[in-house]
Amino acid sequence: MNGPSVADMLVVDDLRVAFPNREGGMTEAVRGVSFRLGRERLGIVGESGSGKSQTGRAILGLTAPEGRVTANRMEFDGIDLLHSSARQRRALRGGRIAMVLQDPKFSLNPVMSIGDQIVETLDAHARVSRREARDRALETLRQVQIDNPERVFDLYPHEVSGGMGQRAMIAMMLIADPDLLIADEPTSALDVTVQLQLLAILDRLVTDRGMGLVFISHDLRLVSTFCDRILVMYAGKVVEELSAGGLQDAQHPYTRGLVNCLPRLGEHRHPLPTLDRRPEWAL
Amino acid sequence: MSAVNAPSPGGWREWLMSDRPQSRRQAALGRAYGGWRTFSRNRLAMLGLAIVIALLLVALFANQLAPYSPYIGDLRTTRLLPPSAAHWFGTDDQGRDILSRIIHGSRITLFVVVLVAILAAPIGLVVGTVAGYSGGLIDAALMRITDIFLAFPRLILALAFVAALGPGIENAVIAIAITSWPPYARIARAETLTIRQADYIAAVQLMGASPWRIVLRHIMPLCVSSVIVRVTLDMAGIILTAAGLGFLGLGAQPPTPEWGAMIANGRLYVLDQWWVAAAPGAAIFLVSLAFNLLGDGLRDALDPKGVK
Amino acid sequence: MTARPVAAGLAIDNLSVVYDEFTAVDNVSIRVEPGQSFGIVGESGSGKSTILRAVCGLAPRTAGAVSLVAPPGDRTGALPAPGSREFRRRVQMVFQDPYGSLHPRQTIDRTLAEPLAIHRMGDAETRIERALDEVGLGKGFRFRYPHQLSGGQRQRVAIARALILEPQILLLDEPTSALDASVQAEVLNLLEEMRRRHGLTFVLVSHDLAVVTHMCERLMVMQRGRRVEELSADDLALSRVSDPYTQRLMVASRGFRRGGPEAA
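Protein chains in written order, with the numbering used here: chain A, 1 to 283; chain B, 1001 to 1308; chain C, 2001 to 2264.
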């Protein structure tokens, strides 16, 4: 492995993303997010509108064209992401930085077989023979625990289940051997049992390949059991950073409220505690 | 609703843009204002709207605007005169002032356009939504009828109808209306097929609403906007079909100043007295273009997703 | 409100729903006592939502019967049959997707007035205002369009719409799965309060075991159109679970476990 050896593969300092609003001004969706990422699983948790997805998109360079991205620093392995050209960004994306989005149906090309799409991704980043490409694609499908890769190779996206589609999506991302994977709600559209299988696959890949992972999700319970470190976002800001399993020690009232308002097996709390959003959290 | 919440003069905009309307009227007006804001941002659409309004005004005040009679000319002194200060667009072979004829012709154009729109659009809307909502045999029957109409070129079918009904502007309108509803039915059906899957339709179904109520009150209002857009975009085609029928002598009969018939008449002199055909041609072109631009603007303004 | 309405229960006997070749629901029976809250848990494709849709006539019943259950001691007369106008008034539903269940071109006012108009219930003004107050929205929301509301507010409107006909049974199809966790808690609390106040019978469908055990006294686990097992919420809370599938669901609901069974 010849990836970045430094602890901080990704450095984000004071990231801000703003969009034009109806009054003609700009509204900030992300308001000064800073973090560093090594070879670890970093979770970003928040509710809708917290800016978690926009943070991920800004790192990938996928902010909508009318949005404005600023930061003191945003670097991947020493490469300045803020000032690199669209072409450099494209080369990074799907190469050294991969992404997995919520719904595989939107990310996979419906008129191309899954195998062909994986091979195409490989072609875009490496010079290999047709035969070798196919072998590597099958190998990657096997890595995401698809039992019958030869069959899946020739299937079209509509012919597979949601879980299988998401695995194919991950396989497509992995074939370029990325250093960093950004996953935005990768398992939210899936059933719980399938969800966990997928997380197990991601987990193994991070450990075996030494990949960095940014896992963006609304599901506090899932993220807190899966990630090494968690950033809790509220109204465009990181309100708290937690370590793995440190959910019970959360200090910020927002995080605590979020933990408390979930119904739990074997507990009778009627009514459930609700979240009293205080305006000072959003300051 | 009472006028309790009548805003101060400067607050009209805020009142209309409010996210918290206090009455039915404010909600409806606010919605209309939102659509207007989208529409008015489109300059070309505004140009189209201006031309259509101008057409309306010209038709309304034709008697006052036209400098000469559209029917009577002087064969001895004013036959086929080129454009001049006295006759801006020149005169035709009967010695009639072309400008006056075009001004009066706008009434006929408007008559055709409006009548076709109020005949054809509702037919298409009803056929399409009923077919789409009921499905099965009714759908199959209605759509096959639609297909039959769609299988013939519109002008040919209109010709056949006019031939059967007899020439004349009213029959031309009926013929055009009969031939122009099928596309609206198709659009309405396609939209209905997606809308009827929605949970809000399921919700009224399980409240016990009758199929007619669901189609009329819940589905049709959602199809209306796309049909309106399509009708506006079709206006150009309708005007051209009417002009075509007029040109072939099957629409308005002489001496009615119908634009198509005027071109047919000018055809005889097109090489030496070009203005006879050019002026009505330009009028048809301008109005058709205006309706097209208007339709484009409406498409953006009426899109429910675009309303913010 | 006059006297506290008497709830009816719901009985489903040997229900099957078959689409072409695909069996969505395979011979399922449920009995929900009047005033009880019953949960159906399962993953996608388990047929849990189809059961609700078959009860209220949105999905075809291939075989089996659906009927209302009179409260004990109540022998006042025949209960309405499924599909009848009166049945539709007594059985209402709240849908999963708050963005798709409100008509995009109708104000909240019209959405709430429609069921009253269909059932020719008078006094629409007061009923609408009371319904909005009850779900915690208030009069200020009455003339807004759905796009001016948040997901949680929309779901409150959907609950108001279901309750405005004063039904006895509420079918809840994943009512909070599209909402943020904090909003979910608010909506669940609201539903519980409505149930208490109106003496409603609930049938709640969800993929989330914790939500179902929080809301329901009894529940049924489903997989691929079949019933896996039926148990009480207390059984589940104390892990008194016999079927391996239910056990898997329980483990999964606790979150990710490194080195868990999935990693194999």
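Built from N, CA and C at the ideal position, the CB exists for glycine as well.
No experiment lies behind these values; they were computed from the predicted model shown.
For C:R2130, the three-state secondary structure derived from DSSP is helix. Around C:P2071, the same chain offers V2006, A2007, A2008, G2009, P2034 and G2035 as residues with beta carbons nearer than 8 Å, after the five sequence neighbours per side are excluded. In the three-state scheme derived from DSSP, where H, G and I count as helix and E and B as strand, C:I2118 is classed as helix. The contact set of C:R2154 on chain B, defined by CB atoms closer than 8 Å, is empty, because the minimum CB distance reaches about 11 Å.
Annotation: the continuous alpha helix (DSSP H) that includes B:T1241 extends over M1220 to F1247. By the rule that beta-carbons nearer than 8 Å mark a contact, B:L1222 touches chain C. Comparing alpha carbon positions, the residue from B:P1182, B:A1141 and B:S1134 closest to B:L1157 is B:P1182. Looking at A:K52, A:G25, A:G163 and A:S48, the one whose alpha-carbon comes closest to that of A:S34 is A:K52.
Contact check for B:L1029 and B:L1016: beta-carbon distance about 6 Å, within the 8 Å limit, so the pair qualifies.
Cβ contact annotation for A:R57 (same chain, cutoff 7 Å, sequence separation greater than five): T63, in chain order. Per DSSP, B:L1029 lies in no beta strand (DSSP E) segment; the continuous alpha helix (DSSP H) that holds it begins and ends at R1024 to R1041. Going by DSSP, C:T2213 is part of the alpha helix (DSSP H) stretching over L2209 to M2215.
Our two residues, B:Y1071 and B:Y1133, have alpha carbons roughly 51 Å apart in a direct line. Neighbours of C:T2213 across chain A, judged by C-beta separation under 7 Å: L265. Against chain A, a Cβ distance below 7 Å from C:F2256 picks out L196, L199, L222, T225 and F226. Burial check for C:S2239: the Cβ neighbour count within 10 Å stays below 16, so the residue is exposed. Sequence-distant Cβ neighbours of A:T55 in its own chain, meaning closer than 7 Å and more than five residues away, are L15, V30, V33 and I44.
With fewer than 16 other beta carbons inside 10 angstroms of its own, B:I1053 counts as exposed. The closest CA to that of B:L1055, considering only B:A1278, B:R1189, B:F1111 and B:T1241, is found on B:F1111. Close to C:H2207, with beta-carbon spacing below 8 Å, are these residues of chain A in chain order: D191 and V192.
Distance from B:A1027 to C:F2141 at the Cβ level is roughly 11 Å; contact not present, criterion being Cβ atoms closer than 8 Å.
Excluding its 5 nearest sequence neighbours in each direction, A:D154 has C-beta neighbours in its own chain below 7 Å: S113 and G115, listed in chain order.
Interface with chain A (8 Å Cβ-Cβ cutoff): C:A2252 is included. Cβ-Cβ separation between B:L1115 and B:V1173: approximately 5 Å, consistent with a contact (criterion under 8 Å). Counting only Cβ-Cβ distances below 8 Å, A:H158 has no contacts in chain C at all, with the closest Cβ about 16 Å away.
The Cβ-Cβ distance between A:G46 and A:M172 does not fall below 8 Å. For C:T2023, the beta-bridge partners assigned by DSSP are C:V2018. The beta carbon of B:I1123 sits closer than 6 Å to the beta carbons of W1181 from its chain, once the five residues preceding and following it are set aside; these are given in chain order.
Rounded to whole angstroms, the Cβ separation of A:E75 and A:R229 is 19 Å, and the two are not in contact under 8 Å.
Look at A:M172 here: in three-state DSSP terms it is helix.
Spanning the alpha carbons of B:G1136 and B:M1143 requires a straight line of approximately 11 Å. When beta bridges are read from the DSSP output, C:Y2099 appears opposite no residue. C:R2120 is the residue among C:R2120, C:A2078 and C:V2066 whose C-alpha sits nearest the C-alpha of C:I2164.
Here A:V17 really is in contact with A:E28; their C-beta atoms are around 7 Å apart, less than 8 Å. Chain B has no Cβ within less than 8 Å of the Cβ of C:L2112. With the rule of 3 Cβ pairs closer than 8 Å, the segment 209 to 225 of chain A counts as touching the segment 183 to 194 of chain A.
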